[in-house]
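Just so you know, we're using my numbering here: the sequence shown kicks off at 241 and counts up by one.
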Amino acid sequence: METELKRLRIDRARKESPRGSGRSRRWVIGGIVLLLIAGAALYGYSLLNRAAEVEIHRVRAEATGGSHANTIVLNATGYIVAAHKIQVASKVLGRVAWIGVDKGDKVREGQVIVRLEDDEYRAQLQQARGQLAALDARLRELLNGSRPEEIERARAEVEEARADLANARITLDRNSKLVGAGVLARQTLDDASAAYDARAARVAALEKAYELVRIGPRQEEIAAARGQVEQARGAVAFAETQLENTVIRAPVTGTILERAVEKGEFVTTSFVGERGAKGYVVSLADLRDLEVELDISQNDFAKLGPRQRGIVTTDAFPDRKYEGIIDEISPEANRQKATVQIKVKVLEPDDYLRPEMNASVAFYSEEKAEPDGATARTVVIPPSAIRDNTVFVVLDGKAVRRTVKPAGTAPQGVRIAEGLIGGEDLIINPPADLQDGDPVKERKK
């Protein structure tokens, strides 16, 4: 009996153990799932950001005619400058009401960069327009001539004056007879004579005015009125231009190099000193048009010539190379420094270049033309590197797409006329899915 009762007793410890075990299993399973998700995410991230292994070929500019081609004849150092730096000045006097750019901002041609206070210029425009309206009305009056009502009024005044003159004549004749008969004094006759003369003068004046009203204004008066109207129109146009000039716009597309004014400062049309009114509001330049400014010793000047090419590098990014060409040679030397200044145009600048950077230029010997028209210094690349006139070069561990211009074939491969200058790390047989900017690394041989 006791044994049977023990069998019927509920063992709470054994009853609760499965429940606790199930909860533990759920935690374990959840942890495993999270680990799997994290592992998959890390694996996917590594796949997306894994540098593709590629075969790299160093591009060289090969001599195809003349043993001296591709020879560096001179190394020179200088500074990168903007080819065309512009100081944007105001055409009118005024105080800055608003400025919408800061140093380093990119602007497009025609973009508003500064607004000046314009209350005074608006008032001048309103005054000029009012003067034009008054003179234009006067001209229309002259062109239209006298109205019928004006002519009729002038004729009526003449008739009335003539009637008064006739009455004065009658009075004068009567008084003359009475004075002769001794009835009236001599003074009465004098008064009647004076009244008659006054009425006669009035008749003459009114008749002349009537004639002028009837025939209208002279051509000289109309011409003078036309001239006054044209002068007033010019004043309106000038006032409109002055008002428009209170809005200062970017003359070219470029980058703001300096902001010279702040809100509330006075701007003038000429420079008056550091602490006075400012002569310009900003300076800007197109950073897609850069040059390297070099001072070449007179002893080395004979090694260079117009349009001579070279390779441009900077101290900041020595691995990046740019093709350059001599674009300007100073017409005079610097006697104190014994140098001649030249400017080398950077043919394909990028965002890595900045004005005032230190730069070096390696000038090559002048190229000689071959009979078939190819140049003596030619870049030749393997055919497997080019696809649809594009290649990939390696810069800072990334694939960078370059558009090239083939110029026929050579025993060593494909000649490239534009797009490569020699010294680039070129990707051979680039993967079909390789994109511009993808990370890459050189395949171990």
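Beta carbons are placed, not taken as given, at the ideal position from N, Cα and C, and that holds for glycine.
Please read all numbers here as calculations on a predicted model, not as lab measurements.
Around the CB of N415, 16 or more other CB atoms lie within 10 Å, so the residue is classed as buried.
Looking at A438, V633, Q366, V328, the one whose alpha-carbon comes closest to that of E349 is V328. Counting every other CB atom within 10 Å of its CB across the protein chains shown gives T481 a total below 16, marking it as exposed. Under the three-state reduction of DSSP output, L635 falls in the strand class. For T317, the enclosing beta strand (DSSP E) starts and ends at 312-322. Cβ atoms of A525 and T495 come within 8 Å of each other, at about 6 Å. P671 and R627 have their C-alpha atoms spaced approximately 11 Å apart.
Here the alpha carbons of Q427 and K417 stand approximately 13 Å from one another. S330 carries a coil assignment under DSSP once its states are collapsed to helix, strand and coil. Secondary structure of K585 (DSSP, three-state): strand.
In the DSSP annotation of this structure, the continuous segment of the alpha helix (DSSP H) that includes L418 starts and ends at 388-420. In the three-state DSSP reduction, E293 falls in the strand class (E or B). Around V476, the same chain offers A368, R369, L372 as residues with beta carbons nearer than 6 Å, after the five sequence neighbours per side are excluded.
Cα atoms of I668 and T649: separation of roughly 17 Å, rounded to the nearest angstrom. In this structure, the beta-carbon distance from A440 to A394 does not fall below 8 Å. About 6 Å separates the beta carbon of E531 from that of V584, a gap short enough to meet the 8 Å contact definition.
According to the DSSP assignment, N539 belongs to no alpha helix (DSSP H), since it is labelled neither H nor E. In the three-state reduction of the DSSP assignment, Y604 falls in the strand class, which pools E and B. Taking 8 Å as the cut-off, the beta carbon of K681 is found no closer than this to the beta carbon of A316. Comparing C-alpha distances from A602 to each of F632, G662, N629 shows the shortest one belongs to G662. According to the DSSP assignment, D665 belongs to the beta strand (DSSP E) that extends over 665-668.
Cα atoms of Q459 and R466: separation of roughly 10 Å, rounded to the nearest angstrom. When the five nearest sequence neighbours on each side are left out, the beta carbons in the same chain lying within less than 6 Å of the beta carbon of D676 are those of R641, in order along the chain.
By the Cβ criterion, the segment 530-544 is in contact with the segment 566-583, since at least three pairs of Cβ atoms, one from each stretch, lie closer than 8 Å.
Residue pairing from DSSP places A650 in a beta bridge opposite G653. DSSP places G564 in the strand class (E or B) of the three-state scheme. Taken in chain order, the whole alpha helix (DSSP H) runs of length 4 or more contained in the segment 332-361 number zero.
Looking from the CA of R547, the closest CA among D559, D567, D342, E357 belongs to D567. Here L666 is near I296, since their CB atoms are less than 8 Å apart. Taken through DSSP and simplified to helix, strand or coil, N384 comes out as helix. Shown here for K503: same chain residues with a beta carbon closer than 8 Å to its own, the five before and five after excluded, namely V336, A337, W338, I339 in chain order. Of the candidates V294, L527, R442, F506, the residue whose Cα lies closest to the Cα of R355 is F506.
In this structure, the beta-carbon distance from T630 to T643 falls below 8 Å. Beta-bridge analysis with DSSP links K684 to no other residue.
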